[in-house]
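J.: So the protein lines, in turn, are chains A and B.
Position one of the first sequence corresponds to residue 3 (the numbering used here), numbered consecutively onward.
Position one of the second sequence corresponds to residue 131 (the numbering used here), numbered consecutively onward.
Ideal Cβ placement from N, Cα and C applies to all residues, glycine included.
If you scroll down you'll find the structure; I have some questions about it.
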Amino acid sequence: MNTKIAARSTVQKPSSPATPVAETIKRITTDSSAIIAVTTVLLFILACIFVSEFATVTNLRALFLSVALVGIAAVGLSIITIVGRLFALSVSAMVAVSTIVFASLLHTGPWTAMAAAVLFGALAGAVQGFFVGRLGTDPIVTTIAAAAILIGFAQIVTGGRNVQGAGDASVFGLTIFGVVPVQVLAFFVLTVLAWWTHRYTLLGRRVTLVGLNEKAALVSGMRAWPVVLFAFIASGAMAGLAGGLLSSESGQGNLQLGGTFGFDAITAVVVGGVSVKGGTGNPVGAATGAVLVGLLGNALVLLGLSYEVQLIFKGVLVLLAVVATGIASNRQSGRKR
Amino acid sequence: MVLSTEVLLSVSRISKSFGGAKALNDVSVDFRAGEVHALLGENGAGKSTLVKVIAGVVTADTGEVTFPGSSGSSDVAMVFQELSVIPELSVRDNMALSMRRTSGLLVRREKLQERMQSALASAGLEDLDLDMPVEALPLAKRQLLEIARGLVADARTLILDEPTATLSDIEISRVHEVVRSLVAGGRSIVYITHRMGEVFRLADRITIMRSGSVVASGPTADFTMDSVVTHMLGEEHTAGEAIHVKVNFAPESRRKLNIRGLASGHRFSDVSFTAQAGEVTALFGQIGSGADDVVRALVGIIPVTAGDIHLNEIQLSALTRPKSQKHGIAYVSADRVLEGVFLSGSVAQNVSSGALAGVSQLGTIRAELETDLARSIASKVAFDPSRIRVPVGSLSGGNQQKIAIGRALATQPDVLVLNEPTRGVDIGARAEIYRALRQLSANNVIVIVYSSDIVELRELADRVITMFRGRPVSSNRTTDVTDSQILTEILHGAKA
């Protein structure tokens, strides 16, 4: 029933006064990332009203700082999900090894160290992307294996010890205009860039089409594997950046760092309304998802709830998101549930 | 042969509509014990809908299916044309899948084994190792295993849907032997086939359907090969005519596709023909004839192992799908949902998907170019241009197919290859699609189709190449051949 009404409203002439409202309502109920944005804003307002000490500059800055790095990794991961390759389970490992890369090269200067971390991530992503895209291996299994190999090598090289960076990484600890930390700015800029690429560029469209239906893409002559490769490279580079920024906070590289990034990034992607079936959803959704999860965690802490309770909330949130995404994408394609 | 009178399965006054189209119209047939009852008809005549109603997969609008002399619908087993055995599982496991109706929680292993063995024996597979994986069996034995699966469910009526479509002559005779022994044991066999020869060798009774109705039914002795074909096509059958379109290009610029000695593994060989713009070329053959593989090889989906392809005097070699697309060969797949369209994408996104370079500048997609393209393509395929923002998944099958074709047109192809261009498309949309394709060919595009539907052939094609068992039989202008000649060629090969 919903489908029919919605479909008819799109046929109406744009001059009809009822249409813009109907169109907007339709777009919000069918676009899962819009649902998530609305939910996030509502939650934010609720937290401002009901949680004391939430709406303070200090707390909000801490909140966004905690969200920024996971958010960067999540935006990267969302590209893999959109291209229809589920998730990379190597995000944590890539972040962790990137902290080592950054710390070990910090003596050559913060910018070269950061570039090296990003490059490392891109390379690690490229290898996994080659396997998944060109050789058609399963993304989950491939990235689990990649994670093991990465951590194994890094253990050998570091001897399992902390790597103390010899240099000054304070450039990444600045706050712009005295309020916005560099990491938050990077998160914001990358999200906008990913959104623009996804929505307006040829590359973004190819990612969407391959994610929607790889076989149909091939029928019109589009190869899937270069697109998959790109997704893994972009995702890897962003994990590398997240690792570099993480390391710059303490000037140290440690394989224990970033251990929760993998699960948190997946949570953000799923909560952000990116369909695991591929093709639907966008990187902004993943970014919003990261903020939503962080927001929830922050509010729960301020309310005095324990870590365990937070974990349960996170899990429930993921399940709710999966259900909601399924419903929204069914509605969008006009199929009956 | 003695015709028994005990009716095992009775279909009376069944009607069924899908949407507006009547698939079955007041159909009544009795199927008797001890008989092979052939169910004949063209594609779309309603045979498969009828058997689906009998098997309970589809519910009839009116009328009923009864089983005189037995308790319930479990008395019918269906053996599908597409093999439904699971290749990775053993013979035993595949058989067990069909035995879910066994009552009680626990089943004695020996008893199970016994039933399987006896079913296999009845299907002519007594020497089969139960632990063998099904994928190790040759095709004919898999088909017999399908039959055994029907038998193990202990059904007295067995519906066989084209059991021999993909089999060789020796294998066919084996299936026939089994069918004979089954009816001798008092079972009733409903036999659907397109092979005219086996009808007269095997069937005791024939029922012919056309456009959802039974047009003739009676003992085999009452029919001849010619009368069966006449009934299938209809006495009043005036062959649909391809509409004439005026050629819209200079004769010297006419595009030509030359195919010489093309082969692809064991799928087909020795295929040679020239297709040119200004006419629609059709490859016509049954499933398994290799005719559909020819079009898939042309577009680079399956490999070409011998022969060569020249497009406008330029040789095309080592074709892959992306490569053939670069050479200007566009493809419309037979499987609309899996390969044809992006269901969740909008019409505009679907149309532009093959022509992204044309709607973008400096790597950025220009929305207005995309909209323009979608509008212009929509009008070419008779699709409502105001609906280009709608997701394709919400459209009807006919409209989805128009978009699938539009997607190929957007690439501005020199050659458009279509595999079953109107499968599952209603009659109105068909006519529009035929018109669009013929218009295209008049605009200097080479149009090549694979079809298994003779009505389509008549309304769409100018030239027909018939194929039988991987080899071409003949190539004719469609106006120069009769339906019965075409059907004979795809069912039996060249006239001896």
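1) Of all the CB atoms in chain B, is at least one closer than 9 angstroms to the CB of T210 (chain A)?
2) Check the Cβ of T203 (chain A) against every Cβ in chain B and list those closer than 7 angstroms, keeping chain order.
3) Taking its Cβ as the centre, do 16 or more other Cβ atoms sit within 10 Å of D423 (chain B), making it buried, or is it exposed?
4) When DSSP labels each residue in this structure, what does D502 (chain B) get in the three-state scheme?
5) Is the beta carbon of S222 (chain A) sitting closer than 9 angstroms to the one on R537 (chain B)?
6) Give a yes or no on contact between the segment 107-116 of chain A and the segment 164-174 of chain A, applying the rule of three or more CB pairs nearer than 8 angstroms.
7) Can you tell which of A:A326, A:G253, A:A239, A:L307 has its C-alpha closest to the C-alpha of V77 (chain A)?
8) For R553 (chain B), name the three-state secondary structure that DSSP assigns.
9) Assign Y461 (chain B) to one of two classes, buried (16 or more other C-beta atoms within 10 Å of its C-beta) or exposed (fewer than that).
10) Tell me which residues share the same chain as I216 (chain B) and place their Cβ nearer than 8 angstroms to its Cβ, disregarding the 5 neighbours each side in the sequence.
11) Under 8 angstroms: do the segment 256-266 of chain A and the segment 281-288 of chain A share three or more Cβ pairs, one atom per stretch?
12) When DSSP builds the beta bridges, which residues end up paired with H167 (chain B)?
13) So who's on the other strand from F598 (chain B), going by DSSP bridges?
14) Who does R162 (chain B) pair with in a DSSP beta bridge?
15) Scan the segment 459-488 of chain B for residues whose Cβ lies nearer than 7 angstroms to a Cβ of chain A and list them as they occur along the chain.
16) Confirm, please, whether the CB-CB distance from F265 (chain A) to G131 (chain A) is below 9 angstroms.
17) Decide if P602 (chain B) is buried, meaning its Cβ has at least 16 other Cβ atoms within 10 Å, or exposed.
18) Under 7 angstroms between beta-carbons, which chain A residues line up against Q455 (chain B)? List them in chain order, please.
19) Quick one: what's got a C-beta closer than 6 angstroms to A95 (chain A)'s C-beta in the same chain, skipping five residues either side?
20) So, does the CB of A369 (chain B) fall closer than 9 angstroms to a CB anywhere in chain A?
21) Compare the C-beta of S490 (chain B) against all C-beta atoms of chain A and say whether one is closer than 9 angstroms.
22) Closest by CA to A540 (chain B), which one among B:Q479, B:R599, B:R272, B:T196?
23) Opposite Y564 (chain B) in the DSSP bridges: which residues?
24) With distances taken between CB atoms, is the gap from L45 (chain A) to L322 (chain A) smaller than 9 angstroms?
25) Rounded to whole angstroms, what's the CA-CA distance from I444 (chain B) to V575 (chain B)? Just pull it up for me.
26) Relative to the C-alpha of R505 (chain B), which candidate in B:S516, B:V555, B:R496 has its C-alpha closest?
27) Note down, in chain order, each residue of its chain lying with its Cβ closer than 6 angstroms to the Cβ of V611 (chain B), except the 5 sequence neighbours on either side.
28) Going along the chain, which residues of its own chain have a beta-carbon closer than 6 angstroms to the beta-carbon of A98 (chain A), five neighbours each way excluded?
29) Quick check on the burial criterion: 16 or more other C-beta atoms within 10 angstroms. Buried or exposed for T609 (chain B)?
30) Mind reading off the beta-carbon distance from A534 (chain B) to R426 (chain B)? Whole number of angstroms is fine, and I expect it under 8 angstroms.
31) Can V159 (chain B) and S454 (chain B) be called in contact, C-beta distance under 9 angstroms?
32) How many angstroms separate the CA atom of H367 (chain B) from the CA atom of A351 (chain B)?
33) Threshold first: 3 residues or longer. Then list the beta strand (DSSP E) segments lying entirely within the segment 175-202 of chain B, N to C.
34) Write down every uninterrupted run of the alpha helix (DSSP H) in the segment 221-277 of chain A whose length is 4 residues or greater and which is fully enclosed by it, in chain order.
T.: Straight from the coordinates:
1) yes
2) G493, T494, I495
3) buried
4) helix
5) yes
6) yes
7) A:A239
8) coil
9) buried
10) D223, N224, L227, V264
11) no
12) B:V320, B:R335
13) B:R601
14) B:V137
15) Y461, S463, L468, E469, G470, V471, F472, L473, S474, G475, S483, G484, L486
16) no
17) buried
18) S222, G223
19) A149, L152, I153
20) Note that A369 (chain B) scores a pLDDT of 49, beneath 50, so its modelled location is shaky; the value from the coordinates is reported in the next line. No, because no Cβ of chain A sits closer than 9 angstroms to the Cβ of A369 (chain B).
21) yes
22) B:Q479
23) Looking at the DSSP assignment, Y564 (chain B) forms no beta bridge with any residue, so it has no partner.
24) no
25) 16 angstroms
26) B:S516
27) none
28) L257, L259, G260
29) exposed
30) Going by Cβ atoms, the distance from A534 (chain B) to R426 (chain B) rounds to 15 angstroms, so no, they are not a contact pair.
31) no
32) Residue placement at H367 (chain B) cannot be trusted, given a pLDDT of 47 that sits under 50; what the coordinates show is reported in the next sentence. Approximately 24 angstroms, taken between the alpha carbons.
33) 192-196
34) 227-252, 263-273
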